[in-house]
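Asker: Input: one structure, supplied below.
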Amino acid sequence: MGRCFQIIGAGLGDESHLTLEAREAICGAGAVFATARLADGLRSLRPDIAVQPIGSLAQAARSASADPVAVLVSGDVGFFSAARRLRERLLPYGTVRLFCGQSSLQYFCAKIGRTYDDAILASLHGRQGSLLGPVSYHGKVFALTGGEHTAQTICRELADAGLGAVRVHLGENLGAPEEYIASADAQVFAQRPCADLAVLLIENAQAADCTQPVYDRDLLRGKVPMTKEEIRWVSVSKLGVRQADTVYDIGAGTGSVAFELARRAHSGIVYAVERKPEAVELLIQNRARLGGYNVKIIEASAPQGLDALPTPDAAFIGGSGGNLHEILRLLKHKNPAVRVVVNAIALETLQEAMAAMDNLDFANVEIIQVAAARGNAVGKYTMMTANNPVFIISGGGKHGS
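Sequential numbering from 1 applies to the sequence shown in this note's numbering.
The following block contains the structure:
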């Protein structure tokens, strides 16, 4: 007969925030294991709690001779919790029962008088990622912070990107005597050191709608070339961008493709790489117009400007400055499974792109030509005006996929 394990959500880590069911389970367990912070907060209830590092809890529970064995985790077992991994490690040795607890989300939102059923939930506690996308496209974002992503560094990233005016509610050391709750603009908290145990609720009254396409009429163009919307929509679809992807737009121009990509990668980051100062200025203006603050603007030439950027999942090349083969080579080096779309107007560029993808062993290479015409009113009639046909060359991903 297998062992009996209990994974208990300990809420905020003190006796007053336990559920009655959790309290009874802790008191009735043969042995109880927890990290040092939770053990210290619950000694009054169970003085013999055994302290273990988070990575050793499962092994300690399996090795205990008593039954049932309780393992305490912070918050609620279903909310960005260590409970999932613990359950996987304990299930082969017996039955595992989960006990829910009060999450920081529930506690904090009640404290500040906000609902959370309309919030996007995120955790940057010991994880990679960014809140630029979620905050750009959602009116309310709740986030756990920690590690290198402190509340201060998150707010600084928001402020640096142009989101310094969004409203931020900060909670530190929730449930503890030193609990601190305050509200201010992101640019204020960007200047204030924050505790490691902190949560954020961020409200953006001007959030953009990531489900809507970017139309040509939405963009400032100036004298900078722009990929027209019909070509843009096909190109972005061929790239197959996922919501958390890291994407390059090389030769970004006005940013028409970059901001389209950013709405598809609404939890990721798009790097708009552009070498012309006048185009960079338009990118900055269009970012503010469209609210796509998960677009990071890089004033540089390619491929040199790509070296320091994070590994891409996908890349769009609208302008290469004569360095197409070198750009594709670098992309392939940074990620052998990178997905790429190249737009070409000239036959020579088409030939160069096809040769480079063949030489660099890109998978799933495909070429299409798109020619669009738009209707214009001429008196009481509508006349069609043709745009230049464009070749769209796509490739990448894994061979055979």
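Ideal placement from N, C-alpha and C gives every residue a C-beta, glycine not left out.
Expressed to the nearest angstrom, what Euclidean distance is found between the alpha-carbon atoms of Glu297 and Gln351?
Answerer: Contrary to the premise, residue 297 reads as Ile rather than Glu in this sequence. Their Cα atoms are separated by approximately 29 Å.
Asker: Does Val234 come out as helix, strand or coil in the three-state DSSP assignment?
Answerer: In this structure, Val234 counts as helix in the three-state DSSP scheme.
Asker: Give the secondary structure of Leu72 by DSSP, where H, G and I count as helix, E and B as strand, and everything else as coil.
Answerer: DSSP places Leu72 in strand when its eight states are reduced to three.
Asker: What is the rounded straight-line gap between the Cα of Leu131 and the Cα of Gly41?
Answerer: 31 Å
Asker: Go to Leu330, then tell me how far its alpha helix (DSSP H) extends in each direction, as first and last residue.
Answerer: 324-334
Asker: Can you tell me whether DSSP reads Asp185 as helix, strand or coil?
Answerer: strand
Asker: Which stretch, first to last residue, makes up the alpha helix (DSSP H) that contains Val135?
Answerer: 132-137
Asker: In the structure shown, what three-state DSSP assignment does Glu172 receive?
Answerer: strand
Asker: Suppose you measure from the CA of Lys32 to the CA of Gly139; what does that come to, to the nearest Å?
Answerer: In the sequence as displayed, the identity of residue 32 is Val instead of Lys. The alpha-carbon atoms of Val32 and Gly139 are separated by roughly 41 Å.
Asker: For the candidate residues Asn364, Ser136, Gln304, whose alpha-carbon lies nearest to that of Asn204?
Answerer: Ser136
Asker: Going by DSSP, which residues form a beta bridge with Glu299?
Answerer: Beta-bridge pairing links Glu299 to Glu274.
Asker: Just curious, the alpha helix (DSSP H) that Leu90 is in, first and last residue?
Answerer: 83-90
Asker: Taking all protein chains shown into account, decide if Lys332 is buried (16 or more other Cβ within 10 angstroms of its Cβ) or exposed.
Answerer: buried
Asker: Can you name the start and end residues of the beta strand (DSSP E) that Phe142 belongs to?
Answerer: 140-144
Asker: Taking 8 Å as the threshold, find out whether the stretch 59-78 comes into contact with the stretch 7-21 through three or more Cβ pairs.
Answerer: Contact between the stretch 59-78 and the stretch 7-21 is present, because at least three Cβ pairs lie under 8 Å.
Asker: Excluding sequence positions up to five away, which residues of its chain have a Cβ less than 7 Å from the Cβ of Lys238?
Answerer: Here Lys238 has Val341, Ile392, Ser394 as same chain residues with Cβ atoms under 7 Å from its own Cβ, once five neighbours each way along the sequence are excluded.
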